[in-house]
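Okay, so here's the structure we're looking at.
Residue numbers (our numbering): 98 to 316.
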């Protein structure tokens, strides 16, 4: 008698789809994983502040190295134009007059500023002197005057102003005394010269007078 074999279920469409899915899963699992070989792939996990591209964008464009030959040629052309303009500027005959005008203008501005400062200080000094004269006059007349309050005793700013005024007056007095000494010395030196000149002029006048008194027959 022949052995009876168990019957197998017929392969339907569902079983074929399941086999195809398992085969595809095995194929995808056995394939090696894809890797990103771009330059930014290595710096993707680095913080933004530590990436070189951020610091390169902070550099001004004229100071960056050229990225292509066209940009390099344009920079070389602009550099040559700047050199030519500088050469033309220094070769121009009006350049010395320009520098002379700048020098004269700066000196004039400085002189005006010094005069204005001196004028302001002289006005302040005159005001302080007038106040001091007023206080002294009231004290002499026997009036009750708050001298410390009027003169600013105890106030650091007012005391510094008074000290500056007194120092300026002392320097002015010394300057006037020096000028007087120089003028007196110059006058003493000029006196002999003036006397000689007067004597010479007087001698010439005497000669002219003597010539005018000659008799007519000697003329």
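Quick reminder that beta carbons are idealized off the backbone N, C-alpha and C, glycines included.
If you're wondering where the values come from, they're calculated on a predicted model, not measured in any experiment.
Helix, strand or coil at residue i according to DSSP, with G and I counted as helix
{"i": "residue 156", "result": "coil"}
{"i": "residue 137", "result": "Residue placement at residue 137 is flagged as unreliable, the pLDDT there being 49, under the threshold of 50; the coordinate-derived value follows with that caveat. Note: residue 137 maps to helix in three-state DSSP."}
{"i": "residue 148", "result": "coil"}
{"i": "residue 250", "result": "coil"}
{"i": "residue 243", "result": "coil"}
{"i": "residue 162", "result": "coil"}
{"i": "residue 238", "result": "coil"}
{"i": "residue 143", "result": "coil"}
{"i": "residue 315", "result": "The pLDDT assigned to residue 315 is 46, lower than 50, so where the model puts this residue is not dependable; a value taken from the coordinates is nonetheless given after this. Three-state DSSP puts residue 315 in a helix."}
Proximity of residue i and residue j at Cβ, strictly below 7 Å
{"i": "residue 262", "j": "residue 222", "result": "yes"}
{"i": "residue 232", "j": "residue 247", "result": "yes"}
Expected contact under 8 Å - CB spacing of residue i and residue j to nearest Å
{"i": "residue 239", "j": "residue 245", "result": "Actually they are not in contact, since the Cβ atoms of residue 239 and residue 245 sit about 18 Å apart, beyond 8 Å."}
{"i": "residue 172", "j": "residue 163", "result": "6 Å"}
7 Å Cβ shell around residue i - same chain, five flanking residues per side excluded
{"i": "residue 228", "result": "247"}
{"i": "residue 242", "result": "232, 235 and 236"}
{"i": "residue 169", "result": "163"}
Cβ shell of residue i (< 8 Å), same chain only, five flanking positions each side left out
{"i": "residue 259", "result": "225, 248 and 249"}
{"i": "residue 270", "result": "none"}
{"i": "residue 145", "result": "151"}
Exercise for the section: Please specify which runs of the alpha helix (DSSP H), each continuous and at least 4 residues long, are wholly inside the segment 164-221, giving them in chain order. Expected result: 166-188
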